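To start, the structure under review is shown below, and the notes come after it.
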Amino acid sequence: MNKVGAKLIAVACTVGLLLVILWPVRLNWQKSPKDNFPLTHYPMFSQMREGKVTMTYLVGVQQDQRRVYLSYQLAGTGGMNQVRKLIRKRADKNPEKLCQQVAAQVARKSEYRGVEKVKILKSSFIFDTFFNGDTIPQKNEVLCTCNVNHPSE
Amino acid sequence: MKKRLLNFWFDTAPAERLAAFRIGLGLFSLGYILPRIGMYRQIARQGADLFEPVGVFGGFSTPMNAGMFDALLFLTLAANIAFLLGWHFRQTGPAFGVFLLALLCYRNSWSMIFHNDNVLVWHALVVGFTPAADAYSLDAHRRGRVGSLLLGSSARWQYGWTLKLLMAIATTPYLLSGIAKLAGPAGLDWMTGEIMRDQVATDTLRKIVLGTSSSDMIFGLYNLPWLFSGFALMTMIVELGAPFALIKPKIAMTWAVMAILMHIGILLVMNITFRYQLTGAMFACFFPLEYPIGFLSNLFKRRGKQLVS
Numbered sequence: 001m002n003k004v005g006a007k008l009i010a011v012a013c014t015v016g017l018l019l020v021i022l023w024p025v026r027l028n029w030q031k032s033p034k035d036n037f038p039l040t041h042y043p044m045f046s047q048m049r050e051g052k053v054t055m056t057y058l059v060g061v062q063q064d065q066r067r068v069y070l071s072y073q074l075a076g077t078g079g080m081n082q083v084r085k086l087i088r089k090r091a092d093k094n095p096e097k098l099c100q101q102v103a104a105q106v107a108r109k110s111e112y113r114g115v116e117k118v119k120i121l122k123s124s125f126i127f128d129t130f131f132n133g134d135t136i137p138q139k140n141e142v143l144c145t146c147n148v149n150h151p152s153e
Numbered sequence: 001m002k003k004r005l006l007n008f009w010f011d012t013a014p015a016e017r018l019a020a021f022r023i024g025l026g027l028f029s030l031g032y033i034l035p036r037i038g039m040y041r042q043i044a045r046q047g048a049d050l051f052e053p054v055g056v057f058g059g060f061s062t063p064m065n066a067g068m069f070d071a072l073l074f075l076t077l078a079a080n081i082a083f084l085l086g087w088h089f090r091q092t093g094p095a096f097g098v099f100l101l102a103l104l105c106y107r108n109s110w111s112m113i114f115h116n117d118n119v120l121v122w123h124a125l126v127v128g129f130t131p132a133a134d135a136y137s138l139d140a141h142r143r144g145r146v147g148s149l150l151l152g153s154s155a156r157w158q159y160g161w162t163l164k165l166l167m168a169i170a171t172t173p174y175l176l177s178g179i180a181k182l183a184g185p186a187g188l189d190w191m192t193g194e195i196m197r198d199q200v201a202t203d204t205l206r207k208i209v210l211g212t213s214s215s216d217m218i219f220g221l222y223n224l225p226w227l228f229s230g231f232a233l234m235t236m237i238v239e240l241g242a243p244f245a246l247i248k249p250k251i252a253m254t255w256a257v258m259a260i261l262m263h264i265g266i267l268l269v270m271n272i273t274f275r276y277q278l279t280g281a282m283f284a285c286f287f288p289l290e291y292p293i294g295f296l297s298n299l300f301k302r303r304g305k306q307l308v309s
């Protein structure tokens, strides 16, 4: 390939690739844009949260009725945000099944020996109160409760 | 104008600079994929209800066979090693770019998209198709300059052009993020820092209730809204200023350092690790890497001679 031909290909690749990568910018002005990979408009940093968040999560209830947050890893494989979405999706669809699955995992782990029940909760938290020491959610909905059957020692 | 633009894009650079970037990228991706093999294989075996295909798998309605995914994973790793070593690069370079794109598209097709992988994929594709194995490679050792699948035989402008394109690609997520913030529902109010504070708070709260480690800095910072206004301003400078980083090498290096500092800030406040950015591998194209490598190489040669004598 001669020098001019190679440079023309380079120009075409530069313009084409940068246009393709920057093309999702138009999604900023669409009503319900769908995110993608590796082309995206990075919507996650501009969401309005208005000082609150609603979460679906797992809680263990101990013998003394104290509650502990259970690790997301009991519900599935992947990073925290990936399993967070999985928990929300499966808790909406079939909370009993998810609860049983988590309870079975809890029963297998020695660090959760004191946990007698698993609850799947959907709660709304207010940042102003949470980050000033009051971690009790503003709204709380128990989606499911199930017992943990620890193996007899 | 046209001549200036062409001079800007086709500025020359040594083959060693692009080759050093290839090695950094190859080492990073290998170090990124190897510890995640188990996780990737488990993710690929999840229920089809979690499959939300993206990228090159956008047209798929069901997940691929688990054995096929394992083959893709193996091929990506094999191509990664060849890419790193610069072995039969005209074939293995493009293969690595394409396999990595497919692997990470599939990994991101399971209900959650990890945007920190974006630039890695684009960089691998660009480096794979360009003459990045003309130095520091098995090909260069055996046959001299081997060129690339895209442009054929090598010339010095090709190294400079590739590096400039890699730099331009590295700036795009910042520019897009900056635009998304200002085009979002808050508009210019994003600059007050409130949305950023809420985002940090959301992330920390999620980590706490999902029983994983989090940075507790937000507990100390939450009642200091002015601090988040400062963070928001600095973020905007880095993000909207990203395209200007391409103007001159000194501005480019300054911008790259600012971007790395921003990622260190994100790590400290949110405990989020942007690995490709934080290791510096992504920003290596902004720096003349041939100098430190040449220095180290001479040092080893001298030490070797001393040992022999």
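These protein sequences, in sequence, are chains Y and H.
With the working numbering, the residue at position 88 of the first sequence is 88, and numbering never jumps.
With the working numbering, the residue at position 80 of the second sequence is 80, and numbering never jumps.
Here a beta-carbon is modelled for each residue, glycine too, at the ideal position from N, C-alpha and C.
Given the structure is predicted, the values throughout are model-derived calculations rather than measurements.
Less than 9 Å between the C-beta atoms of residue i and residue j, yes or no?
{"i": "I195(H)", "j": "A186(H)", "result": "yes"}
{"i": "S154(H)", "j": "A15(H)", "result": "yes"}
{"i": "G59(H)", "j": "L101(H)", "result": "no"}
{"i": "S29(H)", "j": "A124(H)", "result": "yes"}
{"i": "T40(Y)", "j": "H263(H)", "result": "no"}
{"i": "V25(Y)", "j": "L70(Y)", "result": "no"}
{"i": "T12(H)", "j": "G160(H)", "result": "yes"}
{"i": "N192(H)", "j": "S137(H)", "result": "Here the sequence assigns Thr to residue 192(H), which means Asn is not the residue at that position. It is not a contact, given that the beta carbons lie outside the stated cut-off."}
{"i": "A20(H)", "j": "I293(H)", "result": "yes"}
{"i": "Y72(Y)", "j": "L210(H)", "result": "yes"}
{"i": "F51(H)", "j": "P63(H)", "result": "yes"}
{"i": "F99(H)", "j": "A79(H)", "result": "yes"}
{"i": "A284(H)", "j": "L175(H)", "result": "no"}
{"i": "A133(H)", "j": "G86(H)", "result": "yes"}
{"i": "K52(Y)", "j": "F125(Y)", "result": "yes"}
Around the C-beta of residue i, are 16 or more other C-beta atoms found within 10 angstroms, so that it is buried, or is it exposed?
{"i": "L224(H)", "result": "exposed"}
{"i": "F127(Y)", "result": "buried"}
{"i": "N147(Y)", "result": "exposed"}
{"i": "G16(Y)", "result": "exposed"}
{"i": "E50(Y)", "result": "exposed"}
{"i": "E239(H)", "result": "buried"}
{"i": "N65(H)", "result": "exposed"}
{"i": "N81(Y)", "result": "buried"}
{"i": "M48(Y)", "result": "exposed"}
{"i": "K34(Y)", "result": "exposed"}
{"i": "P38(Y)", "result": "buried"}
{"i": "F69(H)", "result": "buried"}
{"i": "E290(H)", "result": "buried"}
Enumerate in chain order the residues of its own chain whose CB-to-CB distance from residue i is below 6 Å, with the five nearest sequence positions on each side excluded.
{"i": "K105(Y)", "result": "Reading off the sequence, residue 105(Y) comes out as Gln, not Lys. Cβ neighbours of Q105(Y) beyond the five flanking positions: L74."}
{"i": "L149(H)", "result": "R90, P94, F129"}
{"i": "R156(H)", "result": "T12"}
{"i": "L27(Y)", "result": "P33, H41"}
Where residue i and residue j are concerned, what is the direct C-alpha to C-alpha distance, given to the nearest angstrom?
{"i": "P131(H)", "j": "L227(H)", "result": "46 Å"}
{"i": "V20(Y)", "j": "G26(H)", "result": "24 Å"}
{"i": "R107(H)", "j": "F274(H)", "result": "17 Å"}
{"i": "T54(Y)", "j": "L6(H)", "result": "52 Å"}
{"i": "V126(H)", "j": "Q91(H)", "result": "14 Å"}
{"i": "A183(H)", "j": "I113(H)", "result": "21 Å"}
{"i": "G31(H)", "j": "I266(H)", "result": "22 Å"}
{"i": "Q158(H)", "j": "L165(H)", "result": "10 Å"}
{"i": "F45(Y)", "j": "Q199(H)", "result": "7 Å"}
{"i": "R142(H)", "j": "I37(H)", "result": "33 Å"}
{"i": "L72(H)", "j": "A82(H)", "result": "15 Å"}
{"i": "L104(H)", "j": "R88(Y)", "result": "23 Å"}
{"i": "I43(H)", "j": "D64(Y)", "result": "36 Å"}
{"i": "G144(H)", "j": "G5(Y)", "result": "23 Å"}
{"i": "G24(H)", "j": "M236(H)", "result": "28 Å"}
{"i": "I136(Y)", "j": "L221(H)", "result": "20 Å"}
{"i": "Q179(Y)", "j": "L86(Y)", "result": "The requested residue 179(Y) does not occur in the structure, where chain Y is confined to residues 1 to 153."}
What residue range does the alpha helix (DSSP H) around residue i cover?
{"i": "Y69(Y)", "result": "Unbroken run through Y69(Y) is the beta strand (DSSP E), 67-69; no alpha helix (DSSP H)."}
{"i": "K139(Y)", "result": "Run containing K139(Y): none in the alpha helix (DSSP H); it sits in the beta strand (DSSP E), 139-147."}
{"i": "M167(H)", "result": "156-183"}
{"i": "M339(H)", "result": "Nothing in the structure corresponds to residue 339(H), since chain H is present only between 1 and 309."}
{"i": "M282(H)", "result": "Note, M282(H): premise wrong, no alpha helix (DSSP H); not H, not E."}
{"i": "H123(H)", "result": "118-129"}
Tell me which same chain residues have a C-beta within less than 7 Å of the C-beta of residue i, skipping the five on either side of it?
{"i": "V119(H)", "result": "I169, A170, P173, Y276, M282"}
{"i": "P95(Y)", "result": "I120, L143, C144"}
{"i": "N231(Y)", "result": "Nothing about residue 231(Y) can be reported from this structure: the residues present for chain Y run from 1 to 153 only."}
{"i": "K181(H)", "result": "W190"}
{"i": "L22(Y)", "result": "none"}
{"i": "Q62(Y)", "result": "V68, G114, V115, E116"}
In terms of residue numbering, what span does the beta strand (DSSP E) encompassing residue i cover?
{"i": "G187(H)", "result": "Where G187(H) is concerned, there is no enclosing beta strand (DSSP E), given that its DSSP letter is neither H nor E."}
{"i": "L58(Y)", "result": "52-62"}
{"i": "I126(Y)", "result": "115-126"}
Going along the chain, which residues of its own chain have a beta-carbon closer than 8 Å to the beta-carbon of residue i, five neighbours each way excluded?
{"i": "F287(H)", "result": "M253, A256"}
{"i": "T77(Y)", "result": "V83"}
{"i": "H88(H)", "result": "A82, D139"}
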